[in-house]
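Peer 1: In the numbering used here, the protein residues as written are 85 to 317.
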């Protein structure tokens, strides 16, 4: 329309009217898009965060960090090492509890007398079909959408792996890998101590955690004082 107006084929009034109509349609389309995105936020939070981040101005890369010597580090690999060293320094070492102080079923010897955890294939399938397909890909490079769509095929082999993991007390090495993202809490961004790590671990490993959590909860229900414990215990 602009070219037609410049070429003298339409009047300025026609051009302005067309431009006004076009702007109105664009605003309506944008409004409808944002409304659809807002109504679907419960199912797909990533979509709205992606939209908000695209609208933000002044995007910057991860800032420089101070190492233990007080030197400002700007190289990505060195910053990763600084954060890794800090997170490792505040990480709680794995501790073991004495059998006498543990609730029934939480140590190997008692676990055996109570019988092994039975992880049914159908239970694994159900958890796979409930996976959030909008979640990010994990270190194993298997997207949750793929696992959800292949729930019928993956349920049996995963149930076997879970059962064997429970019996042996061993966890596959791939489940121990994680994509760690540093999230700034408050204070100076150059201080590694002002960041907290958020880890994305293997989806199969997270499913196994649900079975373990359920088994622990069932054993704790007969433990004196369980009902008075806070939710996070």
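Even glycine gets a Cβ: it sits at the ideal position worked out from N, Cα and C.
Please name the residue, chosen from 305, 296, 277, that lies closest to residue 171 on a Cα-to-Cα basis.
Peer 2: Checking every option, the nearest Cα to that of residue 171 belongs to 277.
Peer 1: What does the alpha-carbon distance come out to for the pair residue 256 and residue 116?
Peer 2: Going from the Cα of residue 256 to the Cα of residue 116 covers about 46 Å.
Peer 1: Does the Cβ-Cβ distance between residue 149 and residue 222 come in under 8 Å?
Peer 2: Not a contact, by the Cβ cut-off of 8 Å.
Peer 1: Leaving out five residues before and five after residue 130 in sequence, what residues of the same chain have Cβ atoms less than 7 Å from its Cβ?
Peer 2: Cβ neighbours of residue 130 beyond the five flanking positions: 218.
Peer 1: Can you have a look at residue 133 and say buried or exposed, based on whether 16 or more other CB atoms are within 10 angstroms of its CB?
Peer 2: Answer is exposed; the Cβ neighbour count stays below 16.
Peer 1: Please work out which residues of its chain come closer than 6 Å, Cβ to Cβ, to residue 192, disregarding the five sequence neighbours upstream and downstream, and give them in chain order.
Peer 2: Confidence in residue 192 is poor, its pLDDT being 47 and thus under 50, which makes the residue's placement unreliable; the coordinate value appears in the next sentence. Excluding positions up to five away in sequence, the list is empty.
Peer 1: Helix, strand or coil for residue 182, going by three-state DSSP, please let me know.
Peer 2: In this prediction, residue 182 has a pLDDT of 45, which is less than 50 and means its spatial position is unreliable; nothing more can be read from the coordinates.
Peer 1: Enumerate in chain order the residues of its own chain whose CB-to-CB distance from residue 227 is below 7 Å, with the five nearest sequence positions on each side excluded.
Peer 2: Excluding residues within five positions, the ones whose Cβ falls inside 7 Å are 221.
Peer 1: For residue 115, which three-state DSSP category applies?
Peer 2: Three-state DSSP puts residue 115 in a helix.
Peer 1: Just to confirm my understanding: we take residue 263, look at its own chain, exclude 5 residues before and 5 after, and list those with CB closer than 6 Å. What are they?
Peer 2: Excluding sequence neighbours, residue 263 sits near 223, 284.
Peer 1: Using DSSP with H/G/I as helix, E/B as strand and the rest coil, what is residue 234?
Peer 2: Residue 234: coil per DSSP, three-state reduction.
Peer 1: State the Cα-Cα distance for the pair residue 196 and residue 295, rounded to the nearest angstrom.
Peer 2: Confidence is the limiting factor: at residue 196 the pLDDT is only 48, short of 50, which leaves the residue's position unreliable and the question unanswerable from this model.
Peer 1: Is residue 291 near residue 234, with beta carbons less than 8 Å apart?
Peer 2: No, the pair does not count as a contact, with Cβ atoms beyond the cut-off.
Peer 1: Closest to residue 268 by C-alpha separation, out of 208, 297, 147, would be which residue?
Peer 2: Comparing Cα-Cα distances from residue 268 to each of 208, 297, 147, the minimum goes to 147.
Peer 1: Starting from residue 148, follow the beta strand (DSSP E) in both directions and report where the run begins and ends.
Peer 2: No beta strand (DSSP E) contains residue 148, which DSSP labels as neither H nor E.
Peer 1: Roughly how many angstroms lie between the CA atoms of residue 250 and residue 174, to the nearest whole one?
Peer 2: Their Cα atoms are separated by approximately 29 Å.
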